[in-house]
Amino acid sequence: MATINGFKGFDKNLKCRGKQYEVNKTFEEDVDPEICESGMHFCENPFDVFGYYAPGTSRFCEVEGSDKTSKGNDKISCSKLKIKAEIGLSGIIGAGIKFCLDRVKWTEDNIATGDCSGASATGNYSGASAT
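If you use the numbering used here, the sequence shown corresponds to residues 186 to 316, in order.
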């Protein structure tokens with residue numbers, strides 16, 4: 186059984202869709218998960234959680250989904266969800282930054298090449314180019 190790590194938002198009482206959750210507990214539903222229909226939902230990208238829960242009025246947790254899963258564009262539905270830790274707003278922002286930076290393809294190549302080259306951008310919506 187594969188597990189998927191992610192993040193979940195809750196209301197101020199740690200509830201989601203009327204279901205009460207607790208930190209350090211695992212919850213199971215006898216369903217075939219389907220996005221927006223059934224199962225318990227969470228996001229792999231921490232910043233996607235803000236599409237469902239407002240930063241100023243919500244609580245945020247690190248979670249682990251397993252058993253049966255169904256993936257959508259920005260969220261996952263599962264039949265088994267472990268609430269690992271409450272991380273708060275600063276924690277989910279930090280996790281979001283790490284999530285993005287972990288996916289950057291860093292390179293040692295030169296961006297501006299040639300003798301005395303520099304990158305410049307002009308006009309609306311321009312990209313930098315080396316000349």
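Quick reminder that beta carbons are idealized off the backbone N, C-alpha and C, glycines included.
In this text, all values refer to a predicted model and were calculated from it rather than measured experimentally.
Inset, instruction - With DSSP collapsed to three states, give me the class of LYS200. - result: strand
Inset, instruction - Can you check DSSP and say which residues form a bridge with VAL248? - result: GLY191, ILE268
Legend entry - Nearest candidate by alpha-carbon position, reference TYR206, set ASP217, GLY194, ASP215: GLY194
Legend entry - Cβ shell of ILE277 (< 7 Å), same chain only, five flanking positions each side left out: PHE192, PRO231, VAL234, PHE245
Legend entry - At least three beta-carbon pairs within less than 8 Å, the stretch 239–254 to the stretch 287–294: no
Inset, instruction - Could you tell me the distance, in whole angstroms, from the CA atom of LYS269 to the CA atom of TYR310? - result: 42 Å
Inset, instruction - Check the DSSP bridge columns for LYS210 and list the partner residues they point to. - result: ILE268
Inset, instruction - Check whether the Cβ atoms of PHE227 and LYS260 sit closer than 8 Å, and answer yes or no. - result: yes
Inset, instruction - Starting from the C-beta of LYS253, find all residues in its chain whose C-beta is less than 7 Å away, skip the five residues before and the five after it, and write them out in chain order. - result: ASP217, PRO218, CYS263, SER264
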